[in-house]
Each structure stands twice: as structure tokens, then as C-alpha cells.
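Visitor: Here it is: the structure, laid out below.
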Amino acid sequence: CGLTQPGLVNYIDQMVPNPANHDTTSKTLLNYPGATPIIPAGQTPDEDLRDALNNIYFHPNVPPFISKSLIRQLVTSNPTPAYVGRVAAVFKDNGRGDRGDLKAVVRAILLDPEARGNVKTDPDYGKLREPVLYVTNVLRPFNPTANNNISVPASCNGLSDGSINVITQPLDQDVFNPPTVFSYFNMDYIIPNTPLAGPEFGIFSTGTSLKRPNFVNQMAPPNTTGSAGILAVAGTGNAPTSFPCGTRIDLSRLQALATADTTGALLLDTLDREVMHGSLSAPVRSEFLAAIQAVSSANPLKRARTALYLVTTSSQYQVQR
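Per the working numbering, residue 166 is the first one in the sequence shown, and the count goes up by one each step.
Set out below in C-alpha cells:
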């Protein structure tokens with residue numbers, strides 16, 4: 166990468182090879198059936214790079230490797246070999262003779278029978294929501310806006326800062342500063358004392374597990390009637406000056422459901438359907454409903470907050486299925 170001036174690295178433009186520093190001798194690559202394992206001498210840097218990348222790209226291990234990695238990120242940490250095989254076949258050929266069509270690959274992942282169908286009951290199925298996805302999934306259904314219960318600048322226009330790093334960083338996921346170029350966690354991490362892969366559990370500990378419910382409690386504290394948000398206005402000690410708008414969620418719809426049905430069932434079943442896709446088990450639903458009914462029906466906001474807290478801090482929610 167060139168310098169725009171002495172001592173200043175250009176991080177904007179594409180890196181370009183310097184032919185003067187290029188090794189023009191022949192090079193040995195991966196050898197597999199159908200491969201060209203030798204790069205001939207005398208080629209340009211661009212030609213050598215093209216041949217090296219093609220040698221890797223057409224290796225037979227690439228389709229299952231990429232497919233399994235994407236399945237782990239999108240659906241489940243422990244896909245069956247058959248699931249990986251079906252997706253890998255699409256990577257090899259999208260049906261039109263094209264290799265590596267990622268649009269077709271993602272479609273195959275999400276539409277596979279192992280990813281769809283009835284509620285998944287296998288305890289080994291699914292994936293732990295990593296912090297950034299946990300936080301955004303909690304916020305998204307409830308119209309996050311600027312924390313307008315406090316004085317915010319007019320420039321916010323009622324919009325949230327969209328800054329969640331203040332929450333995810335204590336959960337060991339610094340969004341803008343991953344520890345390596347490969348991810349925030351080891352994709353091959355095995356959950357201790359089990360044979361199961363669980364990449365996201367690599368940053369899940371006793372400490373971070375407690376900070377998840379603390380976050381939900383901050384957004385919707387069941388035991389108070391006040392409001393809360395991820396961030397307050399600048400200068401309060403809760404936010405840097407670059408994030409002055411804050412974030413709050415709107416629980417008015419949940420509050421209306423709690424008012425409309427004093428048994429609490431409508432409130433809980435709506436949350437189950439909309440944020441858990443109907444996957445809440447019957448025993449857990451029974452416990453949650455009893456906890457909601459223990460809150461006076463004369464306080465529908467507290468019931469709404471209690472229901473949201475119970476559902477989004479449950480293991481059945483935190484493990485995406």
C-alpha cells in the first residue's frame with residue numbers, strides 16, 4: 166500500500182503489487198485431482214495471485230468448509246453432514262454451472278429442511294445469539310427511538326444513535342475492534358465437557374451471562390415505573406459526547422395487550438410468536454405466565470416489562486432456533 170506522504174499510510178485505496186519486490190521464480194501450490202500445482206516462473210504479480218487463488222478456490226475442501234461456516238453463522242452450530250453436503254453441492258454448482266454463487270448458497274442454507282419446518286426440539290440444535298445479535302434482536306421489535314424522556318438535541322430527530330457498542334463491549338464483543346481478522350471468537354470452539362461446537366460460547370462466561378439480563382433490565386426495568394435507555398444525553402456520565410441521542414424502546418403495544426387480557430396469556434403468547442417464533446416450551450410458558458400473573462393487572466406496564474424480561478433473558482430465547 167502506497168504512502169500519500171511520508172509517514173502516512175493510505176488505507177483508502179486498493180493495495181497494488183510492487184513488481185520490483187515480486188518473486189518471479191516458480192511456486193508450488195496445493196496438489197489435488199484436476200489442480201495446476203505449479204505456478205510457472207516469469208509471471209507478473211497479478212498472474213501469480215490469480216493462479217494461487219484459483220488453486221485454493223477449486224480445492225474440493227472449499228465448498229463444505231464455506232458451507233459449514235455459513236450454516237453455523239446463520240442457522241445452527243452443529244449441522245448434520247447431510248445438511249452441509251446439500252449446501253456444498255449448491256456451492257459447487259448453482260444449477261446453472263456456476264461455482265461459488267453465494268446468493269444460491271444462502272438460499273440453500275435457509276430453505277433447507279434442517280433449517281425450516283416444525284419447531285426444533287433437539288437440544289443440540291441452534292446457535293447462541295452473539296452479543297450484537299442478541300442486543301439488536303431485543304431492540305428491533307419495539308421501535309427503538311431517541312431516549313426522549315431526557316433532553317436530547319433537536320438534531321436527533323427522534324432517532325436512536327444506533328450505538329450498541331456500549332452494551333456489546335462489556336459482553337466481550339467490541340463491534341469495531343475484533344481481536345483478530347477472523348472474528349470475535351474461534352469458529353471451532355467446543356463447549357467444555359461436551360462434543361458440541363459453539364463458537365459464540367467462546368465469549369460467553371459467568372460475567373457476560375449476567376450482563377445480558379442487566380441490559381434488558383436497563384431497557385425495561387420490571388420493578389420501576391420509570392423509563393430507561395442504553396444511552397443518556399452527553400455529559401451525564403452514561404454516554405460519550407458523540408452519542409447524544411440515546412436509545413429507548415416503545416412498550417405501548419405490549420402494555421395494551423396486558424390491559425386487554427388480564428390473564429397475561431395474550432401478552433405472553435404474542436411475545437412467544439413475535440420474538441421466539443412459537444418456540445417457547447410448555448413448561449417454561451407455564452412458569453412465565455405464573456410470574457406475569459403475580460404482577461397486579463392494575464399495572465399493565467410492569468406486566469409488559471416483566472414479560473419482556475422473562476422471555477428475552479431465557480435460554481430458549483438466547484439460543485436461536
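Virtual Cβ for every residue (Gly too), placed ideally from N, Cα, C.
(1) The alpha helix (DSSP H) that contains residue 449, what's its start and end?
(2) With DSSP as the reference, please indicate the residues paired to residue 362 in a beta bridge.
(3) Please determine, among 342, 363, 340, 359, the residue with the shortest C-alpha to C-alpha distance to residue 351.
(4) Out of curiosity, what's the CA-to-CA distance linking residue 200 and residue 348?
(5) Verify whether the separation of the beta carbon atoms of residue 475 and residue 453 is less than 8 Å.
(6) Using a threshold of 8 Å, state whether the C-beta atoms of residue 192 and residue 242 are closer than that.
(7) Compare the C-alpha of residue 276 against each of 440, 249, 372, 361 and name the closest.
(8) Could you check what DSSP says for residue 481 in three-state terms: helix, strand or coil?
(9) How big is the Cα-Cα spacing for residue 483 and residue 459?
(10) Please report the straight-line C-alpha distance between residue 296 and residue 423, rounded to a whole angstrom.
(11) Buried or exposed for residue 244, going by 16 or more other Cβ atoms inside 10 Å?
(12) By DSSP, does residue 292 sit in helix, in strand, or in coil?
(13) Look up residue 177 in the DSSP assignment and say whether it is helix, strand or coil.
(14) With DSSP collapsed to three states, give me the class of residue 190.
(15) My parser needs the beta strand (DSSP E) runs of 3 or more residues fully inside the stretch 205-251; what are they?
(16) Does DSSP classify residue 203 as helix, strand or coil?
(17) Buried or exposed: which applies to residue 466, given that a residue is buried once 16 or more other Cβ atoms fall within 10 Å of its Cβ?
(18) Helix, strand or coil: how does DSSP classify residue 310 here?
(19) Roughly how many angstroms separate the alpha carbons of residue 210 and residue 187, rounded to a whole number?
(20) With which residues is residue 413 paired in a DSSP beta bridge?
(21) Mark residue 175 as exposed unless 16 or more other C-beta atoms lie within 10 angstroms of its C-beta, in which case mark it buried.
(22) Could you tell me if residue 375 is buried or exposed, where buried requires 16 or more neighbouring beta carbons within 10 angstroms of its beta carbon?
(23) Considering only their Cβ atoms, is the gap separating residue 207 from residue 189 smaller than 8 Å?
(24) Ignore the nearest five residues each way along the sequence and tell me which others in residue 232's own chain have a CB closer than 7 Å to its CB.
(25) If we count Cβ pairs, one from each stretch, closer than 8 Å, do we get three or more for the stretch 409-420 versus the stretch 299-313?
(26) If you follow the alpha helix (DSSP H) that residue 332 is in, where does it begin and where does it stop?
(27) Would you mind stating whether residue 445 and residue 481 have Cβ atoms separated by less than 8 Å?
Guide: On the basis of the coordinates in this document:
(1) To locate residue 449, count along the sequence shown from 1; it is residue 284. Residues 447-458.
(2) One-based indexing of the sequence shown puts residue 362 at position 197. Looking at the DSSP assignment, residue 362 forms a beta bridge with 355.
(3) Looking up residue 351 in the sequence shown gives position 186. Taking only the C-alpha atoms, the option nearest residue 351 is 363.
(4) Along the sequence shown, read from residue 1 onward, the residue named residue 200 stands at position 35. Along the sequence shown, read from residue 1 onward, the residue named residue 348 stands at position 183. Roughly 30 Å separates the two Cα atoms.
(5) Within the sequence shown, the letter at position 310 stands for residue 475. Within the sequence shown, the letter at position 288 stands for residue 453. Closer than 8 Å, so yes.
(6) In the sequence shown, counting from the first residue as 1, residue 192 sits at position 27. In the sequence shown, counting from the first residue as 1, residue 242 sits at position 77. No. Outside cutoff.
(7) Along the sequence shown, one-based indexing puts residue 276 at 111. Selected option, being the one with the closest Cα: 249.
(8) As a first step, residue 481 is located in the sequence shown; it is residue number 316 there, counting from the start. DSSP places residue 481 in helix when its eight states are reduced to three.
(9) For the purposes of this step, residue 483 is taken as residue 318 along the sequence shown, with counting starting at 1. For the purposes of this step, residue 459 is taken as residue 294 along the sequence shown, with counting starting at 1. Using only the alpha carbons, I get a separation of about 24 Å.
(10) Working through the sequence shown from its first residue, we reach residue 296 at position 131. Working through the sequence shown from its first residue, we reach residue 423 at position 258. Each residue's Cα considered, the two are about 29 Å apart.
(11) Counting from 1 along the sequence shown, the entry for residue 244 is found at position 79. Classification of residue 244: buried, given that the 10 Å Cβ count is 16 or more.
(12) Here residue 292 corresponds to residue number 127 of the sequence shown, with the count starting at 1. Residue 292 falls in the strand class under three-state DSSP.
(13) By 1-based counting over the sequence shown, the position of residue 177 is 12. In this structure, residue 177 counts as coil in the three-state DSSP scheme.
(14) Translated into positions along the sequence shown, residue 190 becomes position 25. It is coil, neither helix nor strand.
(15) none
(16) Mapped onto the sequence shown, residue 203 falls at position 38. Reduced to three states, the DSSP call for residue 203 is strand.
(17) Residue numbering aside, residue 466 sits at position 301 when the sequence shown is read from its first letter. Buried, by the Cβ-count rule.
(18) Here the question's residue 310 lines up with position 145 in the sequence shown. Looking at residue 310 - three-state DSSP - the assignment turns out to be strand.
(19) Along the sequence shown, read from residue 1 onward, the residue named residue 210 stands at position 45. Along the sequence shown, read from residue 1 onward, the residue named residue 187 stands at position 22. C-alpha separation (whole angstroms): 6 Å.
(20) The residue you call residue 413 lines up with position 248 of the sequence shown. Note: residue 413 sits in a beta bridge opposite 310.
(21) Position 10 of the sequence shown holds residue 175. Flag for residue 175 reads exposed.
(22) Mapped onto the sequence shown, residue 375 falls at position 210. With fewer than 16 other Cβ atoms within 10 Å, it is exposed.
(23) For the purposes of this step, residue 189 is identified with residue 24 of the sequence shown, where counting begins at 1. For the purposes of this step, residue 207 is identified with residue 42 of the sequence shown, where counting begins at 1. Against a cut-off of 8 Å, the Cβ pair of residue 207 and residue 189 comes out as a contact.
(24) Along the sequence shown, one-based indexing puts residue 232 at 67. 249, 252, 253, 256, 270.
(25) yes
(26) Residue numbering aside, residue 332 sits at position 167 when the sequence shown is read from its first letter. Where residue 332 is concerned, the enclosing alpha helix (DSSP H) stretches over 330-333.
(27) Working through the sequence shown from its first residue, we reach residue 445 at position 280. Working through the sequence shown from its first residue, we reach residue 481 at position 316. Yes, Cβ-Cβ distance for residue 445 and residue 481 is below 8 Å.
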